[in-house]
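Written out below as structure tokens is the structure these notes cover.
In our numbering, the protein residues as written are 10 to 604.
This is the structure we're talking about:
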């Protein structure tokens, strides 16, 4: 009996243990609760220590030991400066990150490995604090530095991830042909700190390095440069605020860093000139497309066609020509053109070149997507595009556009009438001119002031315009009036210090959409009436060559892009918030802005 009791007690104890064991250590159910790990991995040790000298030229390794398992999140963020053809390789070994240098290093040279945001803990992905590891293959560590910011030349927005490069090679082609002597990438704020430099003069370039080979590719990359050689003078030490590690979301700490230089980035226009493409969209319409702007045409002959029958139009950057042929007879299937222009030869110099072109009409397959071939004989009229916006008609007038050049206009047939609140109608005088930049566009401007409360109507009867196909326009009309809403506001800019030509634009709060534009070259007042309540910016561009747009830069010519500025009502405040029913007057000293 005693044995039976002992056995029963043992079985009961065993069952209880199994029950509690299953409850407490169920591996199929994830544990609940517990705080989320938000702490970044902590660096415990670096081998060899940062600041090491006589680092091996071949087969060098650096080991980072962390307090938890850490992974390489973004390998391309690890930058060796100066760079080598092959990037360092970083591998995880337990709680260590082992970095192996694959290429032979240069003797007597200071290097650093910038880990950027490449490392994070294995569990929650918390980024490790930025580490810049420094070593030398010689006896000393170069310790000069400089800081800077990189901005887009058109928007003045910071450029993230651009490669800032320094060269001891002072040739014009250094950034095309050789590896830099120092590199660093811009952070989210477009800011950089280039370290471990010598006390000597460097060429400074910045480019987007799209293909990741540490060389500037003008076909793919944006680029920027300092106008003159730069010799760093500041000595790095642990107390330098700008050399610390920063959380990119910490606006206050990041925004107060002081750049020593500012570099503007731009996309270069192609400079190698050649005939890139040509075509004939219809029997009497075609184009010539060149690889670079400002093409120099020595002669252009349409064989068998009088010069007076050819209509030409360059685009604003003069890298393409549209042509139309005005003849009453059918043209040959193949149009012969003799073109003589300045083409870039094998030595990179412009030289007169003659090309004989034979252009056939494009098939449907050759036309751009969405463009269907039409039979001109099926049309009896053509439609004009007429644009008259209430808010801008006083400044811009009424735009009248045709898809083909106009051969004849019966100006006296055009009618502009105004109707007062009593319903009485009268003719309103106007001017009518061809647009200087587009031969298929015409501008109609009412003479004298427009009156609030009056209705205006433009009427263009059928046959007022005759186009290249000798078709009359379909009758059309457009109505407009001066906005009367009491909620609309007016912005008045009083400009002083205007010493050359400028483009003044009112944009949305991001600077991406242009709402109003003025071209001015003298002191005076610019009015922006009928504005809805909202946020705006004022962008001003120096237009010294008077071509109506902001020119980009050129690296080999050492020409910076035309200067762009955003008006700031106070330092750092670009956005103008315009309330309802307001009349805002703002004075702008242009000379001070571009100083």
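No residue lacks a Cβ here, since even glycine has one placed at the ideal position from N, Cα and C.
Which first and last residues belong to the beta strand (DSSP E) in which residue i is found?
{"i": "residue 264", "result": "No beta strand (DSSP E) contains residue 264, which is instead part of the alpha helix (DSSP H) from 260 to 264."}
{"i": "residue 393", "result": "Unbroken run through residue 393: none, as it is neither H nor E."}
{"i": "residue 327", "result": "Premise fails: residue 327 is in no beta strand (DSSP E) and is neither H nor E."}
{"i": "residue 543", "result": "543 to 551"}
{"i": "residue 155", "result": "153 to 161"}
{"i": "residue 122", "result": "119 to 123"}
{"i": "residue 208", "result": "Premise fails: residue 208 is in no beta strand (DSSP E) and is neither H nor E."}
{"i": "residue 415", "result": "415 to 418"}
{"i": "residue 293", "result": "First-last for residue 293: undefined, no H or E at that position."}
{"i": "residue 143", "result": "141 to 145"}
Would you decide whether residue i is buried or exposed? Buried here means 16 or more other CB atoms lie within 10 Å of its CB.
{"i": "residue 58", "result": "exposed"}
{"i": "residue 197", "result": "exposed"}
{"i": "residue 504", "result": "buried"}
{"i": "residue 258", "result": "exposed"}
{"i": "residue 357", "result": "exposed"}
{"i": "residue 33", "result": "Only weak support exists for where residue 33 lies, its pLDDT of 44 falling under 50; the coordinates are left without a value."}
{"i": "residue 38", "result": "Reliability of the predicted coordinates at residue 38 is poor, the pLDDT of 44 falling under 50, and the value obtained from them is presented with this limitation in mind. It is exposed - the Cβ of residue 38 has fewer than 16 other Cβ atoms within 10 Å."}
{"i": "residue 119", "result": "buried"}
{"i": "residue 250", "result": "exposed"}
{"i": "residue 175", "result": "buried"}
{"i": "residue 498", "result": "buried"}
{"i": "residue 473", "result": "buried"}
{"i": "residue 244", "result": "exposed"}
{"i": "residue 565", "result": "exposed"}
{"i": "residue 137", "result": "buried"}
Between residue i and residue j, what straight-line distance do the alpha-carbon atoms span, to the nearest angstrom?
{"i": "residue 68", "j": "residue 105", "result": "18 Å"}
{"i": "residue 179", "j": "residue 209", "result": "12 Å"}
{"i": "residue 457", "j": "residue 517", "result": "30 Å"}
{"i": "residue 132", "j": "residue 145", "result": "35 Å"}
{"i": "residue 482", "j": "residue 451", "result": "14 Å"}
{"i": "residue 596", "j": "residue 500", "result": "11 Å"}
{"i": "residue 496", "j": "residue 462", "result": "16 Å"}
{"i": "residue 434", "j": "residue 277", "result": "55 Å"}
{"i": "residue 155", "j": "residue 558", "result": "34 Å"}
{"i": "residue 585", "j": "residue 520", "result": "12 Å"}
{"i": "residue 350", "j": "residue 391", "result": "36 Å"}
{"i": "residue 143", "j": "residue 63", "result": "12 Å"}
{"i": "residue 415", "j": "residue 449", "result": "7 Å"}
{"i": "residue 46", "j": "residue 77", "result": "12 Å"}
{"i": "residue 480", "j": "residue 423", "result": "17 Å"}
{"i": "residue 1", "j": "residue 491", "result": "Lying outside 10 to 604, the shown extent of the chain, residue 1 is not represented and no answer is given."}
{"i": "residue 401", "j": "residue 345", "result": "45 Å"}
{"i": "residue 437", "j": "residue 421", "result": "13 Å"}
Name the DSSP bridge partner or partners of residue i?
{"i": "residue 592", "result": "499"}
{"i": "residue 534", "result": "503"}
{"i": "residue 135", "result": "Paired residues: none, contrary to the question."}
{"i": "residue 299", "result": "284"}
{"i": "residue 443", "result": "451"}
{"i": "residue 275", "result": "232"}
{"i": "residue 515", "result": "525 and 547"}
{"i": "residue 481", "result": "475"}
{"i": "residue 130", "result": "79"}
{"i": "residue 351", "result": "361"}
Could you pull the start and end residues of the alpha helix (DSSP H) that residue i belongs to?
{"i": "residue 605", "result": "Outside the modelled stretch of the chain, which goes from 10 to 604, sits residue 605, for which no answer is possible."}
{"i": "residue 585", "result": "Unbroken run through residue 585 is the beta strand (DSSP E), 585 to 587; no alpha helix (DSSP H)."}
{"i": "residue 186", "result": "183 to 186"}
{"i": "residue 403", "result": "402 to 405"}
{"i": "residue 600", "result": "599 to 602"}
From the beta carbon of residue i, is the nearest beta carbon of chain B less than 8 Å away?
{"i": "residue 92", "result": "Although the question refers to chain B, the structure presented lacks it and comprises just one protein chain."}
field: Segment contact flag, the region 562 to 577 with the region 161 to 174, C-beta cutoff 8 Å, min 3 pairs
entry: yes
message: With three or more C-beta pairs closer than 8 Å as the rule, is the region 77 to 96 touching the region 184 to 195?
response: yes
field: Stretch pair the region 148 to 159 + the region 546 to 555: three plus CB contacts closer than 8 Å
entry: no
message: Does the region 230 to 239 come into contact with the region 212 to 221, if we say contact requires no fewer than three beta-carbon pairs (one atom in each stretch) closer than 8 Å?
response: yes
query: Three or more C-beta pairs closer than 8 Å, one from the region 334 to 344 and one from the region 269 to 283: is that the case here?
result: no
- prompt: Can you find at least 3 beta carbon pairs, one from the region 282 to 294 and one from the region 261 to 268, that sit closer than 8 Å?
  reply: no
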